[in-house]
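Visitor: Quick note: the sequence shown uses the working numbering, first residue 543, plus one each step.
Even for Gly, the Cβ is constructed at its ideal location relative to N, Cα and C.
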Amino acid sequence: MKTILLSLILTVSFSGLADTRREFDENTEKKCHQELKTMGCVKANDQESNDCSEKNKKKLSSTCLEIHESRKQK
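This is the structure:
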């Protein structure tokens, strides 16, 4: 009985930790994209450069840095 209870608790705990991805609203995403564009981290095809973002992450706003870090975890 203890084993079943422990297994259930561990399963619930791990499933709660597995989905820690944060969603950002569209306006925040656009502001961050514009911020990266101003830094020169957006390619001609409107694609963000992860390498450039990583190099300049100290210059990013806190919200944009949060978005950048969450994308790296994917």
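Measuring CA to CA, which of L602, S612, E568 is closest to C583?
Guide: Checking every option, the nearest Cα to that of C583 belongs to L602.
Visitor: Using a threshold of 8 angstroms, state whether the C-beta atoms of L578 and S595 are closer than that.
Guide: It is a contact, given that the beta carbons lie within the stated cut-off.
Visitor: What are the residues that DSSP puts in a beta bridge with E590?
Guide: V584
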